[in-house]
Amino acid sequence: MFSDPIYTGRMDEKSGEQTTHFGFRDVPVGEKKKLVGQVFSSVARQYDLMNDLMSLGIHRVWKRYFVGTSGVKRGDRVLDLAGGTGDIAALLHERVGDTGSVVLGDINAQMLGVGRDRLTDRGLVRGLEYVQLNAEALPFPDASFDLVTIAFGLRNVTEKANALKEMHRVLKVGGRALVLEFSQVKPEWFRPVYDFHSFQVLPRLGKLFANDADSYQYLAESIRKHPPQDELKAMMETAGFGRCDYRNLSAGICAIHSGYKL
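Put into structure tokens, the structure is as follows:
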């Protein structure tokens, strides 16, 4: 396993409790997992619809590119963390073939259930497993997977450093970790436009189509609190990964981070 958890939040001066961010709010570390769980339980059934509305469908292109450049091959065993509604797992399943396997893991039971039902309805059964898990303490032996992916989920993990160390631990030597996540928009001129879309448009879409403005306000805030590209690259290096790199997509709206277990 790994050493004691790395605390990345701060201490509340009044209560003496360790805190971390939940969107723009500081909350006790022990409460973040529950609060994030409530968000995704709320949005689970409308998750794909809202992703299409929020990104104008571009998230599907990002995900296909993510898997298409992953290097995954037939016979590989892959772990997809924060697997949600199964989009990434389905794309990976096509590539590992009958001799490979994909484990879809998510901390949220509702999201995991949606993903399982969707993939089963598509006739995708063989070579797929579903595990409710916490990315900070993976229930797998060392060197279990050829590839570990996490798409749009790392920013919701309380202790990201611990999750990255766990991803490194369960990879085989030579295996690769890939993180697809919203990141820091690069062109300065585009940032006000992106902020307007995030904080004015998204909550209204959430209210209109999912009757839930607060969850989408959190999602916009969580993107701003996530480590930007170079900081996340450094975190992967600290977790033990080698040959770390990233590639910006759509002007840095999101980025693919890559690292190998050497």
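Residue numbering for the sequence shown follows my numbering, beginning at 1012 and increasing consecutively. Cβ atoms here follow ideal geometry from the backbone N, Cα and C, with glycine treated the same way.
Asked	Found
Simplified DSSP state of Arg1071, which is helix, strand or coil	helix
Cβ pair count under 8 Å reaching 3, the stretch 1068 to 1082 against the stretch 1159 to 1170	yes
Proximity below 8 Å, CB of Leu1139 to CB of Ser1081	no
Cα-Cα separation between Gly1108 and Arg1133, rounded to whole angstroms	16 Å
Proximal residues to Cys1265 (C-beta, below 7 Å), its chain only, five neighbours per side dropped	Trp1073, Leu1191, Glu1192, Phe1193 and Ser1194
Three-state class that DSSP yields for Phe1193 in the structure shown	strand
Arg1127, DSSP secondary structure in three states	helix
Neighbourhood of Val1168 by C-beta distance below 6 Å, restricted to the same chain and skipping five residues each side	Ala1146 and Ala1174
Cut-off 6 Å between Cβ atoms - residues of its own chain near Arg1088, not counting five sequence neighbours on either side	Ser1112, Phe1156 and Asp1157
Cβ-Cβ distance between Asp1117 and Leu1103 below 8 Å	no
Own chain partners of Pro1214 with C-beta closer than 7 Å, once the 5 adjacent residues on each side are dropped	Ala1224, Tyr1227 and Gln1228
Leu1243 versus His1268: straight-line alpha-carbon distance, rounded	8 Å
Rounded Cβ spacing between Lys1183 and Ala1154 (contact assumed at less than 8 Å)	5 Å
Beta-carbon proximity check, Gly1126 vs Ala1093, cutoff 8 Å	no
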